[in-house]
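Q: Quick one: the structure is below, questions incoming.
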Amino acid sequence: MKDTNQDAIREYYHSLKGIKSVFDEATASSHMADGHLVDEYEKFINDVNREMPNLLTPFNKQEFFSHSNGGRSSYYHSDGIRVHLARNLGTLKVRADNVSDTPATETKSFDFITNEELRKIIERDYQEIQRGIISGNWKSTIILSGGAIETILLDVVQKDSPAALASGKAPSETDFNKWDLNDLIEVSLDTKLVTSQVASLSHTVRSYRNLVHPGVELRKGLKIEPEEAKIALQVLNILIRDLS
């Protein structure tokens, strides 16, 4: 029988790594953090501590407030938030390292996917992703996880095609099969078909989708390690959980 607390610890750890990746990318050339990013981090901490009281150091965004832009946007000191985030990430890593990391395949239900052809694709790929984790094939795991996320989001936008096509984030192309992962993420978020957390985490996987091209791997200097593969799988599992 699974220990649900241990499963949750793993999920929180990989989710926070994803949040950190988005935060670092967005604030790489600035000491200021946009209020929307800070709100997402605050929500994550509050959600975790609601499920597991006192697990993480509480976050009070006002302690890091810098200034507002005429009341339209708020900005925060990103360096201080990075330290706070790193402390919580360390806490989760210690807890996650104490959990047995022996991989095992599991069956997921994809009944929430209405397109039968897409359902068959993800059922096949999900099993292959898990075999990739077990055998240490990190690159294929990352690529397939990104593909599985794209498959799910493709079904999501197809379910409400009028809303998806009317979205301000939709590309001019009306054939959903020609949309890329970025289009699917942005439209799904804009139409409130997925949460902002899922969208942010999905973007962390998006940059790895083209690893099949060796030039992309060299140019972007992307790491292909166990941590990246497990993050990709965790993001996929969060998406499955939220839509099931």
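The sequence shown begins at 885 in the working numbering and counts up one residue at a time. No residue lacks a Cβ here, since even glycine has one placed at the ideal position from N, Cα and C.
#1: Can you list the beta strand (DSSP E) stretches of 3 or more residues lying completely in the region 926-993, in chain order?
#2: Closer than 7 Å by C-beta to Ile893: which residues in its own chain qualify, once you throw out the five before and the five after it? Chain order, please.
#3: Among Tyr925, Lys901 and Glu1111, which residue has its Cα nearest to the Cα of Trp1022?
#4: I believe Asn972 touches Thr941 by the beta-carbon criterion, under 8 Å. Please report the beta-carbon distance rounded to the nearest angstrom.
#5: Short of 6 Å in beta carbon distance, which residues of its chain neighbour Ser905, apart from the five on each side in sequence? Order them along the chain.
#6: Whole angstroms are fine: how far does the CA of Val1041 sit from the CA of Ser913?
#7: Take every Cβ of the region 911-929, pair it with every Cβ of the region 951-971, and state whether three or more of those distances are shorter than 8 Å.
#8: When the Cα atoms are used, what is the spatial distance from Thr986 to Asn1061?
#9: Applying the 10 Å Cβ sphere with the 16-neighbour rule, what's the burial state of Phe907?
#10: Leaving out five residues before and five after Ala1113 in sequence, what residues of the same chain have Cβ atoms less than 6 Å from its Cβ?
#11: With a cut-off of 8 Å, do at least 3 Cβ pairs link the region 942-955 to the region 991-1006?
#12: Quick check on this structure: which residue in Leu1123, Ser1056, Leu969 and Phe949 has the alpha carbon closest to the alpha carbon of Leu1077?
#13: According to the Cβ coordinates, are Ser1072 and Ala1050 closer than 9 Å?
#14: Out of Ala910, Leu1127, Glu935 and Phe928, state which residue places its alpha-carbon closest to the alpha-carbon of Lys1043.
#15: State the beta-bridge partners of Asp918 as determined by DSSP.
#16: Could you tell me whether the Cβ atoms of Ile1108 and Ser1086 are closer together than 9 Å?
#17: If Thr1035 sits next to Ile1006, beta carbons under 8 Å apart, how far is it from one beta carbon to the other, in whole angstroms?
#18: Take Val967 as the anchor and find which of His915, Leu1120 and Asn1066 has the nearest alpha-carbon.
#19: Around the Cβ of His898, are there at least 16 other Cβ atoms within 10 angstroms (buried) or fewer (exposed)?
A: Well, looking at it:
#1: 949-952 and 958-961
#2: For this step, residue 893 is matched to residue 9 along the sequence shown. Taken in chain order, the residues that qualify are Leu976, Arg979, Ala980 and Val983.
#3: Translated into positions along the sequence shown, residue 1022 becomes position 138. Minimum Cα distance to Trp1022 is reached at Glu1111.
#4: Stepping through the sequence shown from its first residue, residue 972 is reached at position 88. Stepping through the sequence shown from its first residue, residue 941 is reached at position 57. 6 Å between Cβ atoms; contact.
#5: In the sequence shown, counting from the first residue as 1, residue 905 sits at position 21. Excluding sequence neighbours, Ser905 sits near Thr1088.
#6: For the purposes of this step, residue 913 is taken as the residue at position 29 of the sequence shown. For the purposes of this step, residue 1041 is taken as the residue at position 157 of the sequence shown. For Ser913 and Val1041, the distance between alpha carbons rounds to 34 Å.
#7: yes
#8: The count along the sequence shown starts at 1 and reaches residue 986 at position 102. The count along the sequence shown starts at 1 and reaches residue 1061 at position 177. Any reading at Thr986 is ruled out, since the residue's pLDDT is 42, under 50, leaving its predicted position unreliable.
#9: Within the sequence shown, numbered from 1, the residue matching residue 907 stands at position 23. Counting Cβ neighbours within 10 Å, Phe907 comes out buried, since at least 16 surround it.
#10: Mapped onto the sequence shown, residue 1113 falls at position 229. Correct list, in chain order: Trp1022, Thr1025 and Ile1026.
#11: Touching, no, given that fewer than three Cβ pairs across the two stretches are closer than 8 Å.
#12: Position 193 of the sequence shown, counted from the start, is the residue given in the question as residue 1077. Closest option to Leu1077, Cα to Cα, is Leu1123.
#13: Your numbering for residue 1072 matches position 188 in the sequence shown. Your numbering for residue 1050 matches position 166 in the sequence shown. Cβ distance not < 9 Å, so Ser1072 and Ala1050 don't count as in contact.
#14: Reading the sequence shown from its first residue, position 159 is the one you call residue 1043. The shortest C-alpha separation from Lys1043 is found at Leu1127.
#15: For this step, residue 918 is matched to residue 34 along the sequence shown. Per DSSP, the beta bridge partners of Asp918 are Tyr959.
#16: Along the sequence shown, read from residue 1 onward, the residue named residue 1108 stands at position 224. Along the sequence shown, read from residue 1 onward, the residue named residue 1086 stands at position 202. The answer is no: Cβ separation not under 9 Å.
#17: Counting from 1 along the sequence shown, the entry for residue 1035 is found at position 151. Counting from 1 along the sequence shown, the entry for residue 1006 is found at position 122. Confirmed, about 5 Å.
#18: Position 83 of the sequence shown, counting from 1, holds the residue named residue 967. Cα-wise, what sits closest to Val967 is His915.
#19: In the sequence shown, residue 898 corresponds to position 14, counting from 1. Flag for His898 reads buried.
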